[in-house]
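Trainee:
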Amino acid sequence: MSWIKPFYVFLMAACVPSALWAADRGWDHLTFTSPDEVVAYFHGINYSLENWQAGDRSVPRVYLNNVPERWRTHTAGELSTAEKKRYFFFMLAPMVLRANETIASQRAFIEGMLQTSNWAELDRARLSDIANEYRVQVPQNSKDEAAFQRLLRRVDIVPASLALSQAAIESGWGTSRFAAEGNALFGQWSWSDDAITPERVRTELGNYGIRTFKTPFESIAAYMHNLNTHNAYKPLRKLREQARKSDQPLSGEGLAAGLLKYSERGQAYVEEIRALIRVNQLAEVDKAYLREGKAVVLEPVGDGV
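Under our numbering, the first residue of the sequence shown is numbered 24, with each subsequent residue one higher.
As structure tokens, then:
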């Protein structure tokens with residue numbers, strides 16, 4: 024790899040942060056022209072393979088602004104398989120954890136409402152917003168247990184190991200055309216005008232394309248919302264609910280069984296997810312957590328963005 028180039032960290036007061044880092048405690052902005060610069064920065068904040076192997080499961084709040092075209096056309100091809108995987112997982116893990124952090128906060132709020140009899144109007148409004156977001160009936164009071172259970176069945180995290188493994192499969196480790204052109208990491212379909220048209224379109228299914236996103240984080244958040252709301256993934260939600268009731272940790276390998284309808288390959292797809300989790304030891308990522316402190320937005324600049 025090339026010599027490590029200098030990078031710059033600076034506040035971008037004129038920019039408007041996305042909902043991702045707006046909720047964090049302040050944010051900085053880091054531009055980079057090569058992965059080496061990001062690796063140097065990660066080492067400087069103790070986010071490295073060495074730290075991970077030493078048992079450190081804390082992850083900094085560093086969020087990639089977009090997937091650069093040069094990753095697909097140039098960079099990924101120059102790396103070893105191990106290096107490519109490492110870049111991919113280290114860049115995506117903070118955003119996966121941030122998406123789960125948001126969901127966990129919603130879930131904690133719902134559980135608190137279930138235990139409270141006198142609801143403030145602002146809390147009632149927030150509960151209504153969450154129920155509408157997840158497309159279920161709004162609980163009317165703390166005794167409306169059935170409505171609360173339907174809501175809690177949907178408002179729950181997706182194991183990081185599952186999200187990372189599916190992102191790797193669906194985006195070809197971030198090298199797909201959809202990832203480069205639209206930050207699309209999970210191949211979600213869309214019938215909107217701004218969708219990316221696949222090279223091979225199945226005309227019998229209509230004028231569909233691959234949904235685009237402004238940032239990779241938005242792709243991750245949409246993927247989790249899809250798993251939490253679409254009828255095709257009821258089996259996953261049921262497995263997750265059963266794990267909760269038996270006080271078992273949520274497992275990417277275990278919940279993969281609920282994704283038979285994610286791909287036409289069915290069980291073979293499920294087994295590919297499980298194999299990727301095992302080979303890359305991603306179960307350990309399910310133990311990871313975000314550090315406190317400022318968020319840092321990573322923005323690729325220069326040729327091939």
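In this text, a Cβ means the ideal position worked out from N, Cα and C, and glycines have one as well.
Candidates 244, 280, 199, 245: which alpha carbon is nearest residue 261's?
Mentor: 280
Trainee: Between which two residues does the beta strand (DSSP E) carrying residue 182 extend?
Mentor: It is not in any beta strand (DSSP E) - residue 182 carries neither H nor E in the DSSP assignment.
Trainee: Based on the DSSP secondary-structure assignment, which residues constitute the bridge partners of residue 51?
Mentor: 319
Trainee: For residue 91, I'd like the list of residues in its chain whose CB is within less than 7 Å of its CB, leaving aside the five on either flank, ordered along the chain.
Mentor: 323, 327, 328
Trainee: Under 7 Å Cβ to Cβ from residue 314, same chain only, skipping five residues before and after it: list those, please.
Mentor: 81, 82, 83, 84
Trainee: Residues in its own chain within less than 8 Å of residue 317 by CB, not counting five upstream and five downstream?
Mentor: 47, 48, 49, 50, 51, 84
Trainee: Quick one: is residue 320 buried, meaning 16 or more other Cβ sit within 10 Å of its Cβ, or exposed?
Mentor: Its Cβ being crowded by 16 or more others within 10 Å, residue 320 is buried.
Trainee: DSSP state of residue 159, grouped into three classes?
Mentor: coil
Trainee: How many angstroms separate the CA atom of residue 164 from the CA atom of residue 143?
Mentor: 11 Å
Trainee: What's the call for residue 263, buried or exposed, on a 16-neighbour Cβ count within 10 Å?
Mentor: buried
Trainee: Taking 7 Å as the cut-off, decide whether the C-beta atoms of residue 239 and residue 87 are in contact.
Mentor: yes
Trainee: Which value, in whole angstroms, describes the spacing of the CA atoms of residue 312 and residue 120?
Mentor: 7 Å
Trainee: Could you say if the stretch 180-193 and the stretch 109-124 meet the contact criterion of at least three C-beta pairs nearer than 8 Å?
Mentor: yes
Trainee: Under 6 Å: does the beta carbon of residue 77 sit that close to some heavy atom of the ligand NAD?
Mentor: As far as ligands go, the structure on display features none, and thus does not contain the ligand NAD.
Trainee: Considering only their Cβ atoms, is the gap separating residue 194 from residue 186 smaller than 7 Å?
Mentor: no
Trainee: Candidates 232, 211, 217, 188: which alpha carbon is nearest residue 276's?
Mentor: Per the Cα distances, 188.
Trainee: Go through its chain and collect everything with a Cβ distance to residue 274's Cβ below 8 Å, but skip five positions before and after it.
Mentor: In chain order, 182, 184, 266, 306, 309 place their CB closer than 8 Å to the CB of residue 274, counting only its own chain and leaving out the 5 sequence neighbours on each side.
Trainee: Going by DSSP in three states, residue 212 sits in which element: helix, strand or coil?
Mentor: strand
Trainee: For a cutoff of 7 Å on Cβ pairs, would you count residue 300 as touching chain C?
Mentor: Among the protein chains of the structure shown there is no chain C, as only one such chain exists.
Trainee: Provide the residue span of the alpha helix (DSSP H) that contains residue 119, from first to last.
Mentor: Start and end: 104-137.
Trainee: List the whole-angstrom C-beta distance separating residue 242 from residue 207, where the pair is believed to meet the contact cut-off of C-beta under 8 Å.
Mentor: 6 Å
Trainee: Using the three-state DSSP reduction, which class does residue 232 fall into: helix, strand or coil?
Mentor: strand
Trainee: Cα separation between residue 296 and residue 141?
Mentor: 45 Å
Trainee: Closest to residue 234 by C-alpha separation, out of 210, 251, 288, would be which residue?
Mentor: In this structure, 210 is the residue among 210, 251, 288 with its C-alpha nearest to the C-alpha of residue 234.
Trainee: Distance, Cα to Cα, residue 173 vs residue 128?
Mentor: 17 Å
Trainee: Taking 7 Å as the cut-off, decide whether the C-beta atoms of residue 252 and residue 158 are in contact.
Mentor: yes
Trainee: Who pairs with residue 23 in a beta bridge, going by DSSP?
Mentor: Limits of the chain in this structure are 24 at one end and 328 at the other, which puts residue 23 out of reach.
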